[in-house]
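What follows is a short report on a single structure.
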Amino acid sequence: MSRKAFLLNEMVREKVRHLAGVGVRQDDIAKIIGCAPKTLRKRCREDLDRGVAEANAMVSGYLFANAKAGNVAAQIFWLKTRAHWRERAASDNLAPGSDAEPSPPVVLLLPDNSRDPELTQALRDTQAKHSPRRPRR
18 MSRKAFLLNE
28 MVREKVRHLA
38 GVGVRQDDIA
48 KIIGCAPKTL
58 RKRCREDLDR
68 GVAEANAMVS
78 GYLFANAKAG
88 NVAAQIFWLK
98 TRAHWRERAA
108 SDNLAPGSDA
118 EPSPPVVLLL
128 PDNSRDPELT
138 QALRDTQAKH
148 SPRRPRR
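When the letters of the sequence shown are read in order and numbered with this note's numbering, they come out as residues 18 to 154.
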């Protein structure tokens, strides 16, 4: 006897998108909607991918809104993951209480949008001061 055909309608597709978006495993989604995991991946690939993408977009929006509203943890997370900011480990070379010179301060050079002439000049001066060009050989 053959298996019962798996019927896929818009309600099932929406359920797959929702479950994939909230992080339910594909094997469990297949059990919930009543098909084999292989059938789910074959017939609902776009819905699985879309559900995850929509959930990520929604959470990213909330994170961004929180960061803009002044949530420091959200700002730090955003900068580390999206802007690729990294923390440096403290130097182990200096012994506590030693008179050795600490490392020079870190200077963050911002891109120039050419809208404010004073800012443009200040950025150029800072870059010239902290990033001297090396003579070519």
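Quick reminder that beta carbons are idealized off the backbone N, C-alpha and C, glycines included.
These figures come from a predicted structure and were not determined experimentally.
Alpha-carbon to alpha-carbon, residue j and residue i
{"i": "E135", "j": "I93", "result": "29 Å"}
{"i": "K146", "j": "R132", "result": "22 Å"}
{"i": "S19", "j": "R67", "result": "32 Å"}
{"i": "T143", "j": "V29", "result": "59 Å"}
{"i": "R62", "j": "R99", "result": "27 Å"}
{"i": "A22", "j": "V69", "result": "27 Å"}
{"i": "R103", "j": "K97", "result": "6 Å"}
{"i": "A106", "j": "A82", "result": "30 Å"}
{"i": "Q43", "j": "H101", "result": "31 Å"}
{"i": "P121", "j": "V76", "result": "38 Å"}
{"i": "E27", "j": "Q138", "result": "58 Å"}
{"i": "V123", "j": "I49", "result": "54 Å"}
{"i": "D45", "j": "E31", "result": "16 Å"}
Integer Cβ distance of residue i from residue j, believed to fall under 8 Å
{"i": "E71", "j": "G40", "result": "Not quite, the Cβ-Cβ distance comes to about 13 Å (not below 8 Å), so this is no contact."}
{"i": "L24", "j": "R60", "result": "Between R60 and L24 the Cβ distance is about 10 Å, and since that is not below 8 Å, they are no contact."}
Residue j beta carbon less than 8 Å from that of residue i
{"i": "L65", "j": "V33", "result": "yes"}
{"i": "W95", "j": "A84", "result": "yes"}
{"i": "A192", "j": "L36", "result": "The structure shown does not extend to residue 192, since the chain is modelled only from 18 to 154, so the question has no answer here."}
For this session: Could you tell me whether the region 43–63 touches the region 85–105, using the rule of 3 or more Cβ pairs below 8 Å?
Result: The count of Cβ pairs closer than 8 Å, one atom from the region 43–63 and one from the region 85–105, stays below three, leaving the stretches out of contact.
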